[in-house]
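Comments concern the structure below.
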Amino acid sequence: MALPNINPTETKSWKKLQEHFETISGVHMKSLFAEDEDRASKFTITWDDFYVDYSKNRITEETVKYLLELADEVKLKEAINSQFSGETINQTEGRSVLHMALRAPESADFKVDGVNVMPEIFDVKKKIEKFTNEVVNGHRTGYTGKRFTDIVNIGIGGSDLGPAMVVDALQYYKNHLTTHFVSNVDGDHVNEVIKKLNPETTLFVIVSKTFTTQETLSNANTIKSWFLKSADEAAIAEHFVAVSTNIANVKAFGIDENNIFPMWDWVGGRFSLWSAVGLSISLSVGYNNFENLLKGAHKMDEHFKNEDFSNNIPVVLALISVWYNNFFKAESEAVIPYSQYLNQFATYLQQGIMESNGKSVDRNGNPIDYQTGTIIWGEPGTNAQHAFFQLIHQGTKLIPADFIGFTKSLHNNKDHQDKLISNFLAQTEALLNGKTKEDVLAEGTADSLVPFKVFEGNKPTNTVFINKLSPESLGKLIAMYEHKIFVQGIIWNIFSYDQFGVELGKQLANKILHEFNNSADSVHDSSTQNLLNYYRGIS
Ligand SMILES: O=P(O)(O)OC[C@H]1O[C@H](O)[C@H](O)[C@@H](O)[C@@H]1O
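Written as structure tokens, this is what we have:
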């Protein structure tokens, strides 16, 4: 069965939202708060250890009502059911989209082509658990009998960003193994990592869903050659494992069959950290913590699937984002985690959000005349405050922002935590209220400086306050954004699970690479041709 196929701009609710927008776009949120003392609690969802306050948005109850009607009109509920029941909702690639199955309990029933996939998921999970325990406990050793000290994840895109972000985010829970990530085809990346490694004690995890990706295969081959300078071929079986759907290519690379961790084409690369792609997570924080990450994501799946839309965190966040994207014409959204552990979170989300929803044709293949995927960016607070917050506060662009914070710190330093959270709260308050001319004058500011010190305010934020950063709460948070992506793709009537837009550059790079060593027979524009000649002349 196909996904619903409804042009959102032709729905009744879209028209209502358009008219409603005209009445609300000039309203300051300050007055919305002043008019309704229950506003904050009306627009707050509490669920498990999540407290999500979306009251600091340019919305009223009427806005939410129309947005919820939009969700109904585009048949969001049906779409969610189609996804969870394993229908081939990735229609352009003819695949199901079932990363939720990877974090479901063994008793769950997720079917692809009528076959329950839970048994094979659990076979691989058991393999991950056994392998993790053997490496962490030192029962599995390198070719000279020494225990492993270092793990190198070799992958790119979805085979790198998720594991890298999670390993960094969960460093508090880490064991003695040092984990490295090699992704870029830039040889300086792999060589800098190699400098830190001892071949006798390093385990290499090659992660590539397709096992055809230029960057990953180049890095894997470079590492293999370096490794073989100290070890012989037989040692590869002890030091190299692979995660892939392409078993034939993995074997051709020389990886022992027992060292292959399979994945499936119904797991999109950017949603794959829950599969064996997360092997380096499991190795870094131990299998139990990896399980807890999955458990958290599963809880969010249940919330998303079963909760009424008005109280459904991913749905509400997605609708608010559509409101800004399509009515206020906001181009970007910032994600600001008040946790240094989430340093790579925005980078990770960029792939998930922008690769999924960066589309400009609808599900009929027709060009779209409304906005789709938002630009995502961000950095942890408080650092971000000292970098780009000026533009959010006083620039000309509207940048809705998600503020993510944790009520408890992991190292229990109350002094730092109070300072961190006071900033976390103060920023959304400042963005809401701004600072009036009267306030500025009352501070004794010279008249000539007043205009520069006035803050308009009325800048929207969502606050996602979570009890504490743990594998489980991180799993919930990531899954929250995954479902937000899905909801937006449904509303915009696009296919969120293909990424044909990354192919053209790859094809042309291969052609140019060929030309570096062969007489050129293809024609380029004069700019590209000059640059190519310039490189050939001096390289
Ligand atoms: O895991 P791989 O097959 O090596 O793919 C790695 C990445 O490369 C591709 O170009 C896609 O754009 C990404 O979605 C994918 O995650």
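Quick note on the working numbering: the sequence shown kicks off at 1204 and runs consecutively. For glycine and all other residues, C-beta sits at the position ideal for the given N, C-alpha and C. Computed from a predicted structure; not experimentally measured.
Locate the beta strand (DSSP E) running through Pro1465, then write down its first and last residues.
Ile1463 to Pro1465
Nearest to Val1564 by CA position, among Ile1697, Leu1711, Gln1691 and Glu1238, is which residue?
Nearest option by C-alpha distance: Ile1697.
Taking the alpha-carbon of Asn1586 as reference, which of Pro1603, Ser1559 and Phe1627 has the nearest alpha-carbon?
Phe1627
Considering Ile1693, what are the terminal residues of the alpha helix (DSSP H) in which it resides?
Note, Ile1693: alpha helix (DSSP H), Pro1674 to Ile1694.
Does the count of Cβ pairs from the region 1256 to 1271 and the region 1224 to 1243 closer than 8 Å reach three?
yes
Determine the extent of the alpha helix (DSSP H) in which Leu1406 is found, giving its start and end residues.
Segment Thr1405 to Val1410 is the beta strand (DSSP E) holding Leu1406; no alpha helix (DSSP H) there.
Give me whichever residues DSSP pairs with Tyr1254 in a beta bridge.
Thr1249 and Phe1668
Please list the segments of the alpha helix (DSSP H) lying wholly inside the region 1259 to 1317, counting only runs of 4 or more residues, in order along the chain.
1264 to 1276 and 1279 to 1287
Of all the options Gly1499, Thr1214, Leu1476 and Ser1310, which has the alpha carbon lying nearest to the alpha carbon of Leu1672?
Gly1499
For Asn1569, count neighbouring Cβ atoms within 10 angstroms of its own Cβ and tell me buried if that reaches 16, exposed if not.
Counting Cβ neighbours within 10 Å, Asn1569 comes out exposed, since fewer than 16 surround it.
Can the beta-carbon of Asp1252 be found less than 7 Å from the beta-carbon of Ile1669?
yes
Considering only residues of the same chain and omitting the five flanking positions on each side of Gly1217, which have a CB-CB separation below 6 Å?
The sequence shown places Trp at residue 1217, rather than the Gly named in the question. Pro1211, listed in sequence order.
May I ask you to report which of helix, strand or coil DSSP gives Ser1447?
strand
Using 7 Å as the threshold, is the C-beta distance between Ala1434 and Pro1402 below it?
yes
For a test of the three-state rule: what should DSSP assign to Ser1535, helix, strand or coil?
strand
With 16 other CB atoms within 10 Å as the buried threshold, where does Phe1325 fall?
exposed
Starting from Gly1471, trace the beta strand (DSSP E) in both directions and tell me its first and last residue.
Note, Gly1471: premise wrong, no beta strand (DSSP E); not H, not E.
Do the CB positions of Leu1279 and Ser1478 come within less than 7 Å of each other?
no
Taking just the CA atoms, how far does Gln1286 sit from Thr1266?
27 Å
I'd like to confirm something about Ile1331: is its beta-carbon nearer than 6 Å to some heavy atom of ligand 1, or not?
Relative to ligand 1, the beta carbon of Ile1331 is positioned no closer than 6 Å to any heavy atom.
Take Leu1364 and list the residues in its own chain whose beta-carbon comes closer than 6 Å to its own, dropping the five residues that flank it on each side.
Tyr1551 and Gln1554
Starting from Gly1608 and walking both ways along the beta strand (DSSP E), at which residues does that stretch end?
Ala1604 to Phe1609
Among Lys1622, Leu1486 and Leu1613, which has the Cα closest to the Cα of Lys1330?
Leu1486
For Asn1424, is the classification buried or exposed, using 16 other Cβ atoms within 10 angstroms of its Cβ as the cut-off for buried?
exposed
Work out the CA separation of Phe1530 and Glu1632 for me, nearest whole Å.
24 Å
Kindly give me the distance between the Cβ atoms of Ile1602 and Glu1536, rounded to whole angstroms, as I take these residues to be in contact under 8 Å.
7 Å
CB of Ser1362 to nearest heavy atom of ligand 1: below 6 Å?
yes
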